[in-house]
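To start, the structure itself, in structure tokens.
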Amino acid sequence: MRTPALYDATVEHTRRGPVDNRFSYRVHMWLVDLDDLPRLPRGLRWLARFEARDHLGDPDRSLRDNIDKFLAPYGIDLTGGWVLMLTNARVAGYVFNPISVHWCYGADGDLACLVAEVHNTYGERHAYFLRPDDSGWAETDKEFYVSPFLTVDGRYLMRFSPPGERLSVTMALRQGDETPFTATLRGTARPATLPAVLRAAVRRPFMPLLVSTLIRYQGVKLWLRRLPVVHRPPHVPQEGVQ
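Be aware that the sequence shown starts at -17, since it is given in this note's numbering, and climbs by one per residue.
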């Protein structure tokens, strides 16, 4: 997949019991190579920036360095390889990423692992180290508070298709015999040329702020429907869990 690219996508959230709720919205997201981050002309850089402070690791190091450091304890060495990241760009000084996905490839061109970096609306983040099985699915314990209406327990089942012309992402939370929450993203890629970036900015201006506002709006709706609020536990910074 050539980068940088923009995915025109639909995100859908489905919540089941005790209050059912489903909503979807249109987004555009970036696919970038961490070794070759896009840089817009000076007067337009406020439309899309990619900064280490918005993701896991040391804000004074590069995004690629931080991924390499994060993967080292898992025995992953990407020397000679590359990392593709699906994310929202920082727009006009603001960014919000419910999830950023990193596809990590070794020097042989094979997928070594995935890193799913989850952010909540409280300014916290958590990264999950994933090794998909032959069918593309990966599982991991939920270790991070995201929704004020879901407890921090259960297991995530995740599937991220290889980033190509079409992209499919599925995340389902299993708690016992129930699946109280599922999120999907389905998108189609196009080259992130300057005209394409400008069109995306006109069609969906301030994309990260829009996403953040929509999520908060849905939370207010659930609260008004008297869905019980789960207390947010103290967050212990932890960059990853296997």
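Yeah, the Cβ is synthetic: ideal placement off N, Cα and C, and Gly gets one too.
The structure presented is a predicted model; accordingly, all values stated were derived computationally and were not measured.
Check: Close-in-space but distant-in-sequence residues of the same chain around residue 83 (CB under 6 Å, 5 per side omitted); Outcome: 68, 98, 142
Check: With 16 other Cβ atoms within 10 Å as the buried cut-off, status of residue 85; Outcome: buried
Check: Cut-off 8 Å between Cβ atoms - residues of its own chain near residue 93, not counting five sequence neighbours on either side; Outcome: 85, 86, 87, 114, 144
Check: Straight-line gap, residue 205 to residue 175 (C-alpha atoms, nearest Å); Outcome: 41 Å
Check: Sufficient close CB pairs (3 or more, under 8 Å) joining the segment 199 to 214 to the segment 32 to 41; Outcome: no
Check: Residue 128 burial status per 10 Å Cβ neighbour count (16 or more: buried); Outcome: buried
Check: Through-space distance from residue 180 to residue 224, alpha-carbon basis; Outcome: With a pLDDT of only 39 at residue 224, under the threshold of 50, the placement of this residue in the model should not be trusted; the figure read from the coordinates follows. Answer to the nearest angstrom: the Cα atoms are 39 Å apart.
Check: Distance between residue 149 and residue 8 (C-alpha atoms, nearest Å); Outcome: 14 Å
Check: Three or more C-beta pairs below 8 Å linking the segment 154 to 172 and the segment -7 to 1; Outcome: yes
Check: Cα-Cα separation, residue 109 to residue 100; Outcome: 6 Å
Check: Classification of residue 11 by the beta-carbon crowding that lies within 10 angstroms, buried from 16 upward; Outcome: buried
Check: Residue 81 in three-state terms, based on DSSP; Outcome: strand
Check: Any beta strand (DSSP E) of 3 or more consecutive residues that is wholly inside the segment 33 to 75; Outcome: 64 to 69
Check: Option in -13, 147, 77 with minimal Cα separation from residue 195; Outcome: 77
Check: Contact check, residue -9 vs residue 172, beta carbons under 9 Å; Outcome: no
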